[in-house]
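Asker:
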Amino acid sequence: MNNRFLKPLMLATVASFTITFTGCKDDEVIAPPNENEEELITTVELTFENSSNSNDVRIFKFADPDGDGGNAPTQFDTIKLEANSTYNLGIRFLDESKSPVEDITEEVREEADEHLVCYTSAGNITTTITDQDGNNQALGLRATVATQATQQTNFMIRLKHQPGVKNGSCDVGETDVEVDFTLVIQ
């Protein structure tokens, strides 16, 4: 091979390696912040106000101060409502492990298009969500509960986190908290 061609070829090869090795430095990888970091919800508080008697206000609570696992809940009320009545229901989600207590309900309200409160019950009770997010889909922080004949049943509440998939169904997204109350209609 001719020296005239060998020198430029060698220079090109050396330059190529130099560019390759200096251009491939390991940069420190910084994890992006988790915008949807799961909050600790230690308490679910239900307030039922009888729609025909504003003095009839009933508050029921589930509280597990150390969160899921660990110690047993410190409060797990049985819901007791009157038969043949309609109640306006408001729900709050709290983190009572912090001081001051953090009201997670505000975050749910601010991110309404990513959340849905689901109510499941059997028998003589009808629950209707009365609030919506900005896209006119159910939110569930407010609802009406209509009771009929006396009975004992369950009243399950699930807070679903549904970023990008909210469609009005409780079958999609992740469950942030789930509490299955005993409900007595008397």
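Numbers given in our numbering equal positions in the sequence shown, counted from 1, plus 20. Cβ atoms here follow ideal geometry from the backbone N, Cα and C, with glycine treated the same way. Because the structure is a prediction, the values reported are computed rather than measured.
1. Check for me: the beta strand (DSSP E) holding E65 runs from which residue to which?
2. Taking the alpha carbon of R112 as the point to measure from, which residue in D191, P183, L161, M176 has its own alpha carbon closest?
3. Just verifying my parser: in three-state terms, what is the DSSP assignment at A142?
4. Mind checking Q182: buried by the 16 CB within 10 Å criterion, or exposed?
5. In whole angstroms, what separates the C-alpha of D115 from that of Q157?
6. Can you tell me whether T125 is helix, strand or coil according to DSSP?
7. For the beta strand (DSSP E) containing G110, list its first residue and its last residue.
8. Could you tell me which of I61, I99, T173 sits nearest to F69, measuring between CA atoms?
9. In chain order, what residues of the same chain have a beta carbon less than 7 Å from the beta carbon of N104, not counting five sequence neighbours either side?
10. For E194, which three-state DSSP category applies?
11. Answer with buried or exposed for T63, where buried requires no fewer than 16 other C-beta atoms within 10 angstroms of its C-beta.
12. Kindly give me the distance between the Cβ atoms of V121 and L179, rounded to whole angstroms, as I take these residues to be in contact under 8 Å.
13. Given this structure, state the Cα-to-Cα distance separating T140 from Q152, to the nearest angstrom.
14. Can you give me the C-alpha to C-alpha distance between L60 and G87, rounded to a whole angstrom?
15. Here's the rule I'm using: 16 or more other beta-carbon atoms within 10 Å means buried, otherwise exposed. How should K186 be labelled?
Answerer: The structure says:
1. Translated into the one-based positions of the sequence shown, residue 65 becomes position 45. DSSP places E65 in the uninterrupted beta strand (DSSP E) bounded by 63-70.
2. As a working note, residue 112 is residue 92 in the sequence shown. When only C-alpha atoms are compared, the closest one is L161.
3. The sequence position of residue 142 within the sequence shown is 122, counting from 1. Coil at A142, not helix or strand.
4. Numbered from 1 along the sequence shown, position 162 holds the residue referred to as residue 182. Here Q182 is buried: its Cβ has 16 or more other Cβ atoms, across all protein chains shown, within 10 Å.
5. Taking the sequence shown and counting its residues from 1, one reaches residue 115 at position 95. Taking the sequence shown and counting its residues from 1, one reaches residue 157 at position 137. Rounded to whole angstroms, the gap between the alpha carbons of D115 and Q157 is 26 Å.
6. Your numbering for residue 125 matches position 105 in the sequence shown. It is helical.
7. Stepping through the sequence shown from its first residue, residue 110 is reached at position 90. It spans 106-115 - the beta strand (DSSP E) in which G110 sits, taken as one unbroken run.
8. Counting from one through the sequence shown, the residue named residue 69 turns up at place 49. Checking the sequence shown, residue 69 turns out to be Glu, not Phe. Nearest of I61, I99, T173 to E69, Cα basis: I99.
9. The residue given as residue 104 occupies position 84 in the sequence shown. Scanning its chain for C-beta atoms nearer than 7 Å, with the 5 sequence neighbours on each side dropped, one finds around N104 the residues T167, Q168, in chain order.
10. One-based indexing of the sequence shown puts residue 194 at position 174. It is a strand residue.
11. Start at 1 with the first residue of the sequence shown, and residue 63 comes out as number 43. Burial call: buried.
12. Taking the first residue of the sequence shown as 1, we reach residue 121 at position 101. Taking the first residue of the sequence shown as 1, we reach residue 179 at position 159. Rounded, the Cβ-Cβ distance is 17 Å, inconsistent with contact.
13. Working through the sequence shown from its first residue, we reach residue 140 at position 120. Working through the sequence shown from its first residue, we reach residue 152 at position 132. Each residue's Cα considered, the two are about 18 Å apart.
14. Numbered from its first residue, the sequence shown carries residue 60 at position 40. Numbered from its first residue, the sequence shown carries residue 87 at position 67. Straight-line Cα distance between these residues: approximately 7 Å.
15. In the sequence shown, residue 186 corresponds to position 166, counting from 1. It is buried - the Cβ of K186 has at least 16 other Cβ atoms within 10 Å.
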